[in-house]
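Comments concern the structure below.
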Amino acid sequence: MGRKSSEKKKRKNPKQNKQKQTKSVVKVIKETTEKDIKLPAFKLNENKSEQITQEEKPKLNIQPHKIFGWLLALIMLSVLITIGGMLFTTAFKAVSIAKYLPSDQTAAFVELNINKEHTQFTRTEKLLGKTEYSFEKIKGIIADKLNINLNKIELTWVGRSLGIAEIVTQNELKSLSTVYFLEITNTKQVTEFLSVLAETNFSEFTKIESKENPIYSMKLRYKGEDRALDKTHYIGFIDNYLVTSENKEVLNSILKDVSSGTEKIADTKSYSAISNNMPANNEGFIYINFKNSRDLLMKKYGIESSSPLMSYTLHPFSDFFDAEGAVLIAKDDSFQIQSFLQMDSEILSGTGDTMYKGKYTAELMKYMPANVYALFGGENMEKQIRRLSNILSFGQGADDFVFKNALKSLVQKYFGSNISMEEDLLPLIENEFAVGVTKTNEKDNYIVILKYSGVGDGDMKIEKLANNFISYGTVFEPKIQEVELPDGTMAKEIVAQSETLIKSKSTYNSYEIRELKTEKGDFGIYYISQGDKGFIATDKQLLIESLKLFGGETKNSFETSKNYEIHIAPLLEKTDEVSYFDISTSIPGIKLIKSLSTGREYSANGIMGYYYLYVQ
């Protein structure tokens, strides 16, 4: 009787039972989300009475209240996932220093993840562990400079983030002052450490201002006899950050502005656009504000003085872009840098060339020899040239801009005035293209593979270019020779030597290869067209290797190589163009980076860059 009564009660209160089940499921989801940030696994109802067999094939009869219940459950699940993600971010990622930096004074800032429990930090530590940039070596350098043994001091108060910012001074002589941010967990322990550090360096750690945000002073004596290296540092605290700078006024302004209504970098549209396009899980982040401080940054870091050409080149870009941000992401075997250049979209309003995004398939990689150490591939170079010209001309059109005129002058120099860049040259590269570089006996050889718009059209254009190159072009062979100066002293100068090109043909299997070679045979251009494909190389054997891949004689192409798998494949479908460099081959002096691959993606409000760096 008791059992029947209880079963009856259960049948009479289905809502109550359903609420208990819902609470139980929500509890499981909440606990799992908070602990593991993983969704719980759900099983379908296995009650045979509710299963649908093929023989029965009943019509679906879903009640409206059930649909509402499912929607409500999905909303609750989304909320729980969001809360779980926020808890995860709060636990492993510090508050960005962009929250404290004034937007009208900040030129640039860098943030580094120093959380030893974070996977990004552990991966970075592992990747750099065997290099001269290992954390242990850097820590040793700092300890040596400060005359302190960091191994004997427990820095338990160190938090999860280290930041460095360049702030524009407010005085008449505009300059940049560096401000350092370090997240801390205990202010008292920090002040005790700084007192010990001051004593070790024969200095004092003194409170010099006792306002709402007190400021401390400490003069650090650096190792060595040059006392000019000694610097006075001013120290303050913001929320969970220790803030220090050599400029007291700059430090004071940052501390004072924390609670004021002054706009911070985190509140700007440029920063929001960049941060929204960047992965939150990273090892480091850099932000550059071009509008505030282009010239000051270039001056401080010696770009203008060391390279006027670079300065001239960077100026139009920095005028065109509002700001740039980039993150460093540590992978198991490589670093990835993802950048975002935020454009002034008003400059390019209505310009289709800049917004153009070709569908890049990397089809030609199957004909590229596997031994290339450098590679560049993309879709529609004509559009890309126009896009670059448009950017450099601030969206005013490239017809009268020096960039496009320079290209035209080069075309006329090597091919003559009867060759049109728009009609003869650019149509050859309006579809997919790929350029590879190999090294043979310390000499670089190049191969270019093109996809024509139609069969035969590209071949005629290449033949026309070849004939004009023979007539107007010159092969320059640099030669060093001694010359006598007016004062009688001897000096060396580089002079250009020219050689006549001879046009000929040769065959490989059924392929007819056309050749342009010097009389000495030390320089040559070899080319052939097959269907809608064109092959051009500076080495005959390199061209033959590509033809073997085209005809199916061999299958060992760049597309089948390990380098393609790890360097190019991750970039496809999200970039307009890709490049690959084996740095150990091309620049042997670089010790840290073994190889690099890059890609770019253009959008309506900026340019996304992807860079994969593999360490030695």
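Those letters in the sequence shown? Residues -8 to 607, by the numbering used here. Just so it is clear, CB atoms sit at the ideal spot from N, CA and C, and this is done for glycine as well.
For residue j and residue i, believed in contact at Cβ under 8 Å, the rounded distance
| i | j | result |
| --- | --- | --- |
| Tyr351 | Glu568 | 7 Å |
| Ala365 | Asp573 | 7 Å |
| Leu185 | Phe193 | At roughly 14 Å, the Cβ-Cβ gap does not stay under 8 Å, so Leu185 and Phe193 are not in contact. |
| Thr529 | Ile516 | 6 Å |
| Tyr601 | Leu562 | 6 Å |
| Ala257 | Lys128 | That belief does not hold up - the Cβ atoms of Ala257 and Lys128 are roughly 34 Å apart, past 8 Å. |
| Thr160 | Val241 | 6 Å |
| Pro418 | Lys452 | 7 Å |
| Lys357 | Ser548 | 5 Å |
| Leu288 | Ala99 | 6 Å |
Pick from the options that is closest to residue i, judged by C-alpha positions
| i | options | result |
| --- | --- | --- |
| Asn272 | Ile105, Val159, Lys130, Thr191 | Ile105 |
| Lys531 | Glu506, Gln180, Thr178 | Glu506 |
| Ile644 | Leu167, Glu102, Trp148, Thr113 | Lying outside -8 to 607, the shown extent of the chain, residue 644 is not represented and no answer is given. |
| Ser263 | His224, Asp313, Glu240 | Asp313 |
| Leu604 | Leu118, Gly512, Asn177, Leu173 | Leu118 |
| Ala189 | Tyr232, Tyr225, Tyr171 | Tyr225 |
| Leu92 | Thr122, Val187, Asn162, Ile279 | Ile279 |
| Arg172 | Val181, Glu157, Leu153, Lys179 | Checking the displayed sequence, the identity of residue 172 turns out to be Phe instead of Arg. Comparing Cα-Cα distances from Phe172 to each of Val181, Glu157, Leu153, Lys179, the minimum goes to Leu153. |
| Phe281 | Asn267, Pro270, Gln96, Glu473 | Gln96 |
| Lys179 | Leu146, Ile199, Lys210 | Leu146 |
| Ile206 | Phe541, Lys130, Ser244 | Ser244 |
| Lys434 | Lys442, Pro477, Val363, Gly445 | Val363 |
| Gly525 | Asn422, Asn432, Thr576 | Asn422 |
| Asn267 | Phe228, Ala317, Asp221 | Ala317 |
7 Å Cβ shell around residue i - same chain, five flanking residues per side excluded
| i | result |
| --- | --- |
| Leu533 | Pro360, Thr429, Asn436, Ile438 |
| Leu319 | Asn273, Glu274, Gly275, Phe326, Ile328 |
| Asp390 | At Asp390 the pLDDT is 44, less than 50, meaning the model places this residue with poor confidence and gives no usable figure here. |
| Glu475 | Met481 |
| Lys255 | Ala89, Lys90, Tyr91, Leu92, Pro93, Ser94 |
| Tyr124 | Leu583 |
Start and end residues, alpha helix (DSSP H) containing residue i
| i | result |
| --- | --- |
| Tyr262 | 260 to 267 |
| Leu366 | Counting along the chain, Leu366 falls outside any alpha helix (DSSP H), though it belongs to the beta strand (DSSP E) covering 365 to 370. |
| Ile535 | 531 to 542 |
| Leu185 | 178 to 191 |
| Ser244 | 239 to 248 |
Close Cβ partners of residue i (< 6 Å) along its chain, the five nearest in sequence each way excluded
| i | result |
| --- | --- |
| Lys404 | none |
| Met599 | Phe331, Glu592 |
| Ser588 | His558, Tyr571, Tyr603 |
| Lys508 | Ile493, Gly515 |
| Ala425 | Leu355, Met359, Gly368, Ile440 |
| Ser261 | Asp313, Ala314, Gln333 |
| Leu538 | Tyr502 |
| Gly590 | Leu562, Thr566, Val569, Tyr601 |
| Ile74 | For Ile74, the predicted structure reports a pLDDT of 44, less than 50, and the residue's modelled location is therefore unreliable. A value from the coordinates is still provided. Here the set comprises nothing. |
| Leu540 | Tyr358, Ser548 |
Contact set for residue i: own chain, Cβ-Cβ below 8 Å, skip 5 residues either direction
| i | result |
| --- | --- |
| Phe410 | Correcting the residue type first, residue 410 is Ile in the shown sequence and not Phe. For Ile410, where only same-chain residues beyond five positions count, the Cβ hits under 8 Å are Val402, Gln403, Leu416, Lys455, Leu456, Asn459. |
| Ile584 | Ile574, Leu604, Tyr605, Val606, Gln607 |
| Asn596 | Ala264, Gln333, Met334, Ser336 |
| Lys496 | Glu503, Ile504, Arg505, Glu506 |
| Gln111 | Asn104, Asn272, Asn273, Glu274, Ile320, Ala321 |
| Asp523 | Lys442, Tyr443, Ser444, Gly445, Val446, Gly449 |
Bridge-paired residues (DSSP) for residue i
| i | result |
| --- | --- |
| Thr429 | Asn436 |
| Ile687 | The first residue shown for the chain is -8 and the last is 607, placing residue 687 beyond what the model contains. |
| Arg212 | The partner list for Arg212 (beta bridge, DSSP) is empty, contrary to what the question assumes. |
| Gly525 | Leu441, Ser520 |
| Glu503 | Thr498 |
| Val159 | Leu167 |
| Lys508 | Ile493, Gly515 |
| Asn280 | Ala314 |
| Phe424 | Gly369, Leu441 |
| Met481 | Glu475 |
| Gly154 | Glu102, Phe172 |
First and last residue of the uninterrupted beta strand (DSSP E) at residue i
| i | result |
| --- | --- |
| Thr589 | 584 to 593 |
| Glu568 | 568 to 572 |
| Asn272 | Looking at the DSSP string, Asn272 is not in any beta strand (DSSP E), and its letter there is neither H nor E. |
| Thr147 | First-last for Thr147: undefined, no H or E at that position. |
| Phe112 | Taken as a continuous stretch (DSSP letters only), Phe112 belongs to no beta strand (DSSP E), being part of the alpha helix (DSSP H) at 110 to 119. |
| Thr97 | 97 to 104 |
| Thr197 | 196 to 200 |
| Glu174 | 167 to 175 |
| His558 | Careful: His558 lies outside any beta strand (DSSP E) and carries neither H nor E. |
| Val606 | 597 to 606 |
| Gly227 | 222 to 229 |
| Ala232 | Here residue 232 is Tyr; the residue named in the question, Ala, does not match the sequence. Looking at the DSSP string, the run of the beta strand (DSSP E) that includes Tyr232 is 232 to 236. |
Beta carbon proximity, residue i to chain D, threshold 8 Å
| i | result |
| --- | --- |
| Glu473 | Given the protein chain composition of this structure (a single chain), no chain D is represented. |
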